């Protein structure tokens, strides 16, 4: 059994209605919800929006010390057009533009948006990795630098 | 084609050698590496460790403003014994204990550790969700509250 896994990604949010509304407007479909948490099913893992105060309580920390930005989530696509479209749809749903999509020096195409709570999403193509239609990625074994 | 996806999770780290050593000691296997980034293959998504200064540059932000704690990653397991074992192995690899594993009020079993850069991992069981052997989870459609 493989132990290398990410089963859930949980994003702490200040206003669950606002956060849920953003993700629904961006195209995510709620699979399960409670007063302080909402769950979306993704490719083999779950994305959850969790009230920041509840997350802080669960962690035994002060809500004010929980920061964002040092980690990012990415959605990969096959084409630059899809990246542009998903970037535009995020902004139309209420995301802040962080960096417009552009060619990268490593040969991909990438842009960043921030959700209403500051959580960062990269929207990208990476021609060197295998991408399934559900967004799952696999790194080839035979790449240099491994 | 499904658009709800998390293709990558990227963690900004201050010392790539230290961060890589922690994850390798915890059982992750590097699939690809460069000077400022390391990639691990997980269940349909990639976990990457990326030098915080490079991430900040990519985001057009100051490295000092990038915080942690408002998002968490989780690894789900079938048994409480596996959670305890993964918790212990994380601590032995250099993680900080945030909350020892304990029964939760919603019927699971969960503990938290922080990696050397402060990124939070929850180790948990959730008897209400389907868990594949690779750590992928699926939320049933017929749950209350959906």
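Protein chains in written order, with the numbering used here: chain A, -2 to 143; chain B, -2 to 143.
Beta carbons are placed, not taken as given, at the ideal position from N, Cα and C, and that holds for glycine.
Small disclaimer: the values here were computed from a predicted structure and weren't measured.
Exercise for the section: To the nearest angstrom, report how far apart residue 89/A and residue 111/A are at their CA atoms. Expected result: For the purposes of this step, residue 89/A is identified with residue 92 of the first chain, where counting begins at 1. For the purposes of this step, residue 111/A is identified with residue 114 of the first chain, where counting begins at 1. Near 12 Å, if we compare the C-alpha coordinates of residue 111/A and residue 89/A.
Handout entry: Proximity test, Cβ basis, 8 Å: residue 39/B and chain A
Key = Taking the first residue of the second chain as 1, we reach residue 39/B at position 42. Yes, residue 39/B counts as interfacial toward chain A.
Exercise for the section: Check the Cβ-Cβ distances between residue 9/B and every residue of chain A, and say whether any is below 8 Å. Expected result: Counted from its first residue, the second chain places residue 9/B at position 12. Closer than 8 Å: yes.
Exercise for the section: Run down chain B in chain order and give the residues with a C-beta less than 7 Å from the C-beta of residue 62/A. Expected result: Against the first chain, residue 62/A aligns to sequence position 65. Under the 7 Å cutoff, chain B gives 66.
Handout entry: Residues, ordered as in the chain, of the segment 21 to 34 of chain B that lie near chain A by beta-carbon distance below 8 Å
Key = 24, 25, 26, 27, 28, 29, 30 and 31
Exercise for the section: Excluding the 5 residues preceding and the 5 following residue 101/B in the sequence, name in chain order all residues of the same chain whose CB lies nearer than 7 Å to its CB. Expected result: As a first step, residue 101/B must be located in the second chain, where it is residue number 104. The answer, listed in chain order, is 107.
Exercise for the section: Take residue 115/B and list the residues in its own chain whose beta-carbon comes closer than 8 Å to its own, dropping the five residues that flank it on each side. Expected result: Here residue 115/B refers to the residue found at position 118 of the second chain. Excluding residues within five positions, the ones whose Cβ falls inside 8 Å are 65 and 66.
Exercise for the section: Determine the closest residue to residue 74/A out of 15/A, 0/A and 121/A, with distance taken between C-alpha atoms. Expected result: Translated into positions along the first chain, residue 74/A becomes position 77. Here the closest residue by C-alpha is 121/A.
Exercise for the section: Give me the Cα-Cα distance between residue 1/A and residue 4/B, rounded to the nearest whole angstrom. Expected result: Stepping through the first chain from its first residue, residue 1/A is reached at position 4. Stepping through the second chain from its first residue, residue 4/B is reached at position 7. Answer to the nearest angstrom: the Cα atoms are 15 Å apart.
Practice task
Closer than 8 Å, Cβ to Cβ, to anything on chain A: give me those residues from the segment 66 to 82 of chain B, in chain order.
Solution key: 66, 67, 68, 69, 70, 71, 72 and 73
Problem - Those residues which DSSP pairs with residue 46/B across a bridge - result: As a first step, residue 46/B must be located in the second chain, where it is residue number 49. Residue 46/B pairs with 8/B and 35/B.
Exercise for the section: Return the CA-CA distance between residue 21/A and residue 103/B, expressed in angstroms with no decimal places. Expected result: By 1-based counting over the first chain, the position of residue 21/A is 24. By 1-based counting over the second chain, the position of residue 103/B is 106. Near 25 Å, if we compare the C-alpha coordinates of residue 103/B and residue 21/A.
Practice task
Spell out a yes or no on whether the segment 36 to 47 of chain A and the segment 41 to 52 of chain B are touching, meaning 3 or more CB-CB pairs, one atom from each, closer than 8 Å.
Solution key: yes
Problem - Cβ neighbours of residue 16/B in the same chain (closer than 8 Å, five flanking residues each side left out) - result: Here residue 16/B corresponds to residue number 19 of the second chain, with the count starting at 1. Answer for residue 16/B: 8, 10, 35, 46, 112, 113 and 114, listed in chain order.
Problem - Residues sharing a beta bridge with residue 119/B, DSSP - result: Working through the second chain from its first residue, we reach residue 119/B at position 122. Answer is 71/B and 109/B.
Practice task
Identify the contact partners of residue 135/B in chain A, using a Cβ-Cβ distance below 7 Å as the criterion.
Solution key: Locating residue 135/B in the second chain gives position 138, where the first residue counts as 1. Near residue 135/B (Cβ distances below 7 Å), the residues of chain A are 38.
Exercise for the section: Would you kindly check if the distance between the Cβ of residue 136/B and the Cβ of residue 29/A is under 8 Å? Expected result: The sequence position of residue 29/A within the first chain is 32, counting from 1. The sequence position of residue 136/B within the second chain is 139, counting from 1. Going by C-beta atoms, residue 29/A is nearer than 8 Å to residue 136/B.
Problem - Where the beta strand (DSSP E) containing residue 93/A begins and where it ends - result: Along the first chain, one-based indexing puts residue 93/A at 96. Here the beta strand (DSSP E) through residue 93/A covers 93 to 100.
Exercise for the section: Would you kindly work out how many angstroms separate the C-alpha atoms of residue 52/B and residue 96/A, rounded to a whole number? Expected result: As a working note, residue 52/B is residue 55 in the second chain. As a working note, residue 96/A is residue 99 in the first chain. Taking the straight line from one Cα to the other gives about 12 Å.
Exercise for the section: Give the residues of chain A in contact with residue 15/B, contact being defined as C-beta atoms less than 8 Å apart. Expected result: Counted from its first residue, the second chain places residue 15/B at position 18. Here the premise fails: no neighbours, minimum Cβ distance about 15 Å.
Problem - residue 134/A in three-state terms, based on DSSP - result: Counting from 1 along the first chain, the entry for residue 134/A is found at position 137. Of the three classes helix, strand and coil, the one that applies to residue 134/A here is strand, per DSSP.
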